[in-house]
Amino acid sequence: MFKIFALTAVVLVSFAGVSSAQTSIDLGGITVDTNAAIEVTAESLSVDQDTGSAVFAGNVIIGQGDLRLSAGRVEVIYAASNSEIARLIATEGVTFATATEAAEAQTADYDITTGQLILSGDVLLTQGASAISAERMVVNVTDGTAQMEGRVRTVLQQGGN
């Protein structure tokens with residue numbers, strides 16, 4: 178069965194550190210060690226204490242274990258009441274990937290406080306030979322539901338082919 182939201186949910190929950198008390202997350206067969214170090218590389222980093230945000234720009238790569246997020250720009254917005262991440266906004270071509278699955282979009286906006294992830298612009302999800310594409314995908318990370326909109330196209334490979 179093609180799990181259209183498992184990869185993106187795991188990546189963003191893991192990177193955001195929402196489940197820091199757990200040692201792993203298992204969604205759709207992908208297990209992630211949430212205690213693994215998160216490494217971020219970028220051409221530049223700008224921090225604004227007044228707005229509570231940080232912007233990584235230029236060939237941004239975020240990794241944790243086998244998970245990778247790449248984008249041209251990633252903005253991290255912190256909650257006003259504490260230092261926890263409240264929102265992640267990735268733009269300029271976004272890719273989430275593991276060894277077997279990938280999700281691509283022009284932008285990804287993850288509101289950790291509401292558990293809503295929105296991928297926009299040429300969304301493409303692949304798992305093996307199966308793929309699904311649309312203009313926009315809205316994922317409720319909390320309950321694992323997803324809705325795709327805008328000329329949805331699906332290719333599902335069955336059996337050993």
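Going by the working numbering, the sequence shown wraps up at 338, each residue one higher than the last.
The beta-carbon is built from N, C-alpha and C at its ideal position, and this holds for glycine as well.
Check                                                                                                                                                                     : Outcome
When you compare the CB positions of Val224 and Glu252, do they come within less than 8 Å of one another, or not?                                                         : no
What's the call for Val300, buried or exposed, on a 16-neighbour Cβ count within 10 Å?                                                                                    : buried
Please identify the residue among Thr272, Tyr255, Phe273 whose C-alpha is closest to the C-alpha of Leu265.                                                               : Tyr255
Between the Cα of Thr277 and the Cα atoms of Asp243, Gln324, Val316, which residue gives the shortest distance?                                                           : Asp243
Have a look at Gln324 and Val315 and give me their C-alpha separation to the nearest angstrom.                                                                            : 5 Å
Is it the case that the Cβ atoms of Ala219 and Asn236 are separated by a distance below 8 Å?                                                                              : yes
How close, in whole Å, do the beta carbons of Arg245 and Ala274 come, if the pair is a contact with beta carbons under 8 Å?                                               : 5 Å
Can you list, in chain order, the residues of its chain with a C-beta nearer than 6 Å to that of Thr272? Leave out the 5 residues immediately preceding and following it. : Ser247, Glu281
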